[in-house]
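Here the sequence shown is numbered in the working numbering, starting from 1 and rising by one per residue. Have a look at the structure below, then the notes.
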Amino acid sequence: GDIVIVRPGESIAADGTVIEGSASIDESAITGEPVPVHKVEGDRVISATINKNGIIKFRAEAVGDDTTIAQIIALVEEASSSKAPIAALADKVAGVFVPVVMGIALATFVLWLLSGHTITFALSNAIAVLVISCPCALGLATPVAIMVGTGKAASFGVLIKSAQALETLHSIDTVVLDKTGTLTQGKPAVTDIIPVEGMDEGKFLYIAASLEYASEHPLAEAIVEYAASRGIQPQSVKNFLNISGRGVSAVLDDSIVRAGSLDSMEELINKGELSCDGFNRLKKISDEAALSGKTPMCISLDNRLIGIIAAADTIKEDSKEAVLSMKSKGLSVIMLTGDNIKTAKAVASQAAIEEVIAGVLPTQKEEELKKLMEKGHKVAMVGDRIN
């Protein structure tokens, strides 16, 4: 019920609903998706996410153990608080074995006494039975083996939290992969540069990089990095303005430069504040880019749309190789992601993955894994961040 003010750079303290203002929220800690999500009045916000820009007020609706991140952590703790099945079996066997051995030792002592031998001789034989049959090794061997295994794995950079996971790893037949940050780089990179006719690509990139150099948005960083790789040095701008959810604007070499979504630029065109030759062509290109999982950004110069830059979270160089390696071992590989199905399938095809489960929230991912296990599969989940 509390009203919380969140300024740029601050994290969201609880789950709730925005009641005033707008902001771009970095939800990558929860969803793994690298591009900030624009939030306005009425939208849900999640704890442990970060406000990149803008000021909002939200009403706290889930705090402490009820928050999304606390529920995910609870799932992890519940999964890892178990004992290895082999260790549990050893404990059961030891529980029966000890009284049986004690009984045999006592019987040995009594039988030697009854056969006419001395107490010392009978006691020596009883002790010999106890020493030889002592179940200490049975109780110690399993935890020692687990300890050596986890230590050896740690030397390769693999940390094993659950003894049960270590023991069952050899029986895995299905590997479920997260998309963002696991198969992909986890941050956007420029994929397409589409200037309007008559606009030089180098000049277009110089204008875009100079404008975005002052922005902290992941897409802006991608444009600046791409320009640098092409040897283009951005210049400083004046009067830089970040309009939350709408884009950015600034003055470069006495010209007004803007960057924003196609929708925001189309709105300016309809108002007569912006012009563009071949707008329908650019709109078609922008729509196609969005459908293939890319994020298009429009650039304008002095009230004229001059082109589009598209960026996407690109696949890691060794992802396909890793997937093919797992398949060669007879493993079934599935991608599980919160992204939309079209983007997910585009990435999956690049990584040689046929089966895709998309549009799944972090808390629902466990449900999808349980469905696979209920079908009799032994499943390993590979992901990054809180996922």
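Yeah, the Cβ is synthetic: ideal placement off N, Cα and C, and Gly gets one too. All values reported here derive from a predicted model rather than from experimental measurement.
- One alpha carbon belongs to residue 225, the other to residue 35, and they sit about 16 Å apart.
- One alpha carbon belongs to residue 222, the other to residue 325, and they sit about 31 Å apart.
- Uninterrupted alpha helix (DSSP H) stretches at least 4 residues long and entirely within the region 115-202 occur at 119-133, 136-155, 163-168, given in chain order.
- In this structure, the beta-carbon distance from residue 219 to residue 295 falls below 8 Å.
- DSSP places residue 304 within a strand segment (E or B) once states are collapsed to three.
- Residue environment for residue 49: buried (at least 16 other C-beta atoms within 10 angstroms of its C-beta).
- Leaving aside the five residues that flank residue 122 on each side, the residues in its chain whose CB is nearer than 7 Å to its CB run, in chain order, 109, 112, 113.
- As DSSP reads the structure, residue 313 sits in a beta bridge with 188.
- DSSP, read as helix, strand or coil, puts residue 39 in strand.
- Restricting attention to alpha helix (DSSP H) runs no shorter than 4 residues, the region 305-383 encloses them at 319-328, 341-350, 362-374, ordered along the chain.
- As DSSP reads the structure, residue 44 sits in a beta bridge with 17.
- Here residue 96 is exposed. Its C-beta has fewer than 16 other C-beta atoms within 10 Å.
- Leaving aside the five residues that flank residue 372 on each side, the residues in its chain whose CB is nearer than 8 Å to its CB run, in chain order, 174, 176, 334, 379.
- When only Cα atoms are considered, residue 307 and residue 377 end up about 49 Å apart.
- For residue 242, the CB contacts under 8 Å within the same chain, skipping 5 residues up- and downstream, are 53, 215, 248 in chain order.
- By a beta-carbon distance limit of 8 Å, residue 68 does not contact residue 25. Their separation comes to about 13 Å.
- Out of 234, 354, 329, the CA that lies nearest to the CA of residue 211 is found in 234.
- Under DSSP, residue 296 forms a beta bridge with 310.
- Where residue 252 is concerned, the enclosing beta strand (DSSP E) starts and stops at 247-252.
- Pairwise C-beta distances place the region 190-209 out of contact with the region 346-355, as fewer than three of them are shorter than 8 Å.
- Its chain contains 296, 310 as the residues whose beta carbon lies nearer than 6 Å to that of residue 289, once the 5 sequence neighbours on both sides are disregarded; these appear in chain order.
- Under the criterion of beta carbons closer than 8 Å, residue 358 and residue 323 do not qualify as touching, at roughly 17 Å.
- Residue 298 and residue 305 do touch by the CB rule: their CB atoms are close to 6 Å apart, below 8 Å.
- Residue pairing of residue 257 in beta bridges, as defined by DSSP: 250, 301.
- DSSP places residue 271 outside both helix and strand once states are collapsed to three, so it counts as coil.
- Leaving aside the five residues that flank residue 204 on each side, the residues in its chain whose CB is nearer than 8 Å to its CB run, in chain order, 193, 195, 299, 306, 307.
- By the CB criterion at 8 Å, residue 384 and residue 181 fall inside the cutoff.
- Looking at the DSSP output, residue 23 sits in a beta bridge with 39.
- Here DSSP, grouped into helix, strand and coil, assigns residue 55 to coil.
- Taking 8 Å as the cut-off, the Cβ atoms of residue 46 and residue 7 do not count as close.
- Distances from the alpha-carbon of residue 58 to those of 158, 72, 73, 40 put 40 closest.
- For residue 186 and residue 163, the gap between their C-alpha atoms comes out near 30 Å.
- When 151, 33, 10, 313 are compared, the shortest CA-CA separation from residue 360 is found for 33.
- Nearest to residue 341 by alpha-carbon distance, out of 129, 356, 260, 116, is 356.
- Burial is judged here by how many other beta carbons sit within 10 angstroms of a residue's own beta carbon; residue 147 has fewer than 16 and is exposed.
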